[in-house]
Amino acid sequence: MQLTEMELFYIQEQLRSEALAIAKSMASANQSTDPRLQQMYSRVADRHRTHYETILRNLQNIAPQGQYQTQY
Amino acid sequence: MLDEKDRLQDSLVTQKYIAHGYNSAATEAANPQLMDTFINILRDEHQIQKEIFNEMRIRGWYQPKEANTNDIRQSFSKWSQELQRVQNKAIQTGAQQARPQQTGAQPPSYQTGIPHYGFQTGVGMPQQPNDIQQQNLYRSPQNPMI
Chain W
1072 MQLTEMELFY IQEQLRSEAL AIAKSMASAN QSTDPRLQQM YSRVADRHRT HYETILRNLQ
1132 NIAPQGQYQT QY
Chain E
2 MLDEKDRLQD SLVTQKYIAH GYNSAATEAA NPQLMDTFIN ILRDEHQIQK EIFNEMRIRG
62 WYQPKEANTN DIRQSFSKWS QELQRVQNKA IQTGAQQARP QQTGAQPPSY QTGIPHYGFQ
122 TGVGMPQQPN DIQQQNLYRS PQNPMI
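Listed in order, the protein sequences are those of chains W and E. Read left to right, the first sequence gives residues 1072 to 1143 (this note's numbering). Read left to right, the second sequence gives residues 2 to 147 (this note's numbering).
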């Protein structure tokens, strides 16, 4: 399966945004003093984590097998 | 240090940004499976946004101003006429193009004098069942104008 440059760009953009949203939601859950909002932020963090994993799984399925190069 | 209201506001802004990203991503996706993934997540992002919005609203931190009832009525009237105008234009253009051929073919259904409505009012509007005030403001037309 192939991937366009544009698709790869958006995959990375959204992974970055979701990662930040997870971090922010978890921080908000800790900082909030309202139990109702604490719960909401935790649920939101979980949902963003699910999104992140879903996109990552898509990337894994598309990635050519056995050709990983560490470029970092 | 952010207070409770700032945090909710920040979450709302984050959701808007992310949803925007998924919409662009879905538009640019050539891979149908990837497009489905983006659209499914986009829907969930909107649901998260709605939850945050509701938390703000029940605390009185988000009070969008109601549109003027008269403005809504005028808007409906104006855009109903606009649809008629655009459709009539399309029919005239179609008739001009079809004339030279003079085939005895049946005219398209939209030329039979029955108004052709290519829209359904109300569909796709954000549904907020708790918000009775908003529902009362909008009443879908029972007898569309001809």
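Just so it is clear, CB atoms sit at the ideal spot from N, CA and C, and this is done for glycine as well. Note that the coordinates shown come from a computational prediction; the quantities given were computed from them, not determined experimentally.
Strictly below 8 Å CB to CB, what residues from chain W border residue i?
{"i": "Y63/E", "result": "Neighbours of Y63/E on chain W: none; closest Cβ ~14 Å, over 8 Å."}
{"i": "R58/E", "result": "Ordered by position in chain W, no residue passes the 8 Å Cβ test against R58/E, which lies about 13 Å from the chain."}
{"i": "I19/E", "result": "Q1085, S1088, E1089, A1092"}
{"i": "G95/E", "result": "Those do not exist, as G95/E stays about 37 Å from chain W at its closest Cβ, beyond 8 Å."}
{"i": "S12/E", "result": "K1095, S1096, S1099, Y1112, V1115"}
Given that residue i touches chain W, what residues does it touch there, using C-beta distances under 9 Å?
{"i": "T15/E", "result": "S1088, L1091, A1092, K1095, S1096"}
{"i": "S25/E", "result": "Y1081, E1084"}
{"i": "E52/E", "result": "M1111, R1114, V1115"}
At 9 Å on the CB atoms, spell out the chain E contacts of residue i, in chain order.
{"i": "L1127/W", "result": "Neighbours of L1127/W on chain E: none; closest Cβ ~11 Å, over 9 Å."}
Rounded to the nearest angstrom, how far is the Cβ of residue i from that of residue j, given a contact under 8 Å?
{"i": "T15/E", "j": "A1092/W", "result": "6 Å"}
{"i": "S1088/W", "j": "I19/E", "result": "5 Å"}
{"i": "E52/E", "j": "L9/E", "result": "About 10 Å separates the two Cβ atoms, so there is no contact after all."}
{"i": "A1100/W", "j": "S1113/W", "result": "5 Å"}
{"i": "L35/E", "j": "E1078/W", "result": "6 Å"}
{"i": "N32/E", "j": "L1074/W", "result": "7 Å"}
{"i": "S1096/W", "j": "E5/E", "result": "Incorrect: roughly 14 Å between the Cβ atoms, too far for contact."}
{"i": "Q64/E", "j": "L13/E", "result": "Incorrect: roughly 14 Å between the Cβ atoms, too far for contact."}
Applying a beta-carbon distance threshold of less than 8 Å, which residues of chain E neighbour residue i?
{"i": "S1113/W", "result": "Going along chain E, no residue has its Cβ under 8 Å from S1113/W, so there is no contact; the nearest lies around 12 Å."}
{"i": "R1120/W", "result": "None at all; the shortest Cβ gap to chain E is about 12 Å."}
{"i": "Q1136/W", "result": "Residues of chain E passing the Cβ test: none, with the nearest at roughly 17 Å."}
Cβ closer than 7 Å: which chain W residues qualify as neighbours of residue i?
{"i": "A31/E", "result": "T1075, E1078"}
{"i": "I42/E", "result": "H1122, T1125"}
{"i": "D72/E", "result": "Ordered by position in chain W, no residue passes the 7 Å Cβ test against D72/E, which lies about 35 Å from the chain."}
{"i": "L35/E", "result": "E1078, N1129"}
{"i": "I49/E", "result": "V1115, R1118"}
{"i": "R86/E", "result": "Result: empty, since nearest Cβ-Cβ is about 38 Å, beyond 7 Å."}
Would you mind telling me which residues of chain E sit closer than 7 Å to residue i, beta carbon to beta carbon, in chain order?
{"i": "A1105/W", "result": "Here residue 1105/W is Asp; the residue named in the question, Ala, does not match the sequence. Chain E residues near D1105/W: E5."}
Next on the checklist: Within 8 Å, do at least three Cβ pairs link the region 1073-1088 of chain W to the region 1118-1132 of chain W?
Outcome noted: Verdict: yes, contact present.
Next on the checklist: So within the region 14-102 of chain E, which uninterrupted alpha helix (DSSP H) runs reach at least 4 residues, ignoring any that extend past its ends?
Outcome noted: Counting only runs of 4 or more residues that sit fully inside the region 14-102 of chain E, the alpha helix (DSSP H) segments are 33-59, 70-99, in chain order.
Checklist entry - If we count Cβ pairs, one from each stretch, closer than 8 Å, do we get three or more for the region 1109-1118 of chain W versus the region 45-64 of chain E? => result Because the criterion of three Cβ pairs below 8 Å is met, the region 1109-1118 of chain W and the region 45-64 of chain E touch.
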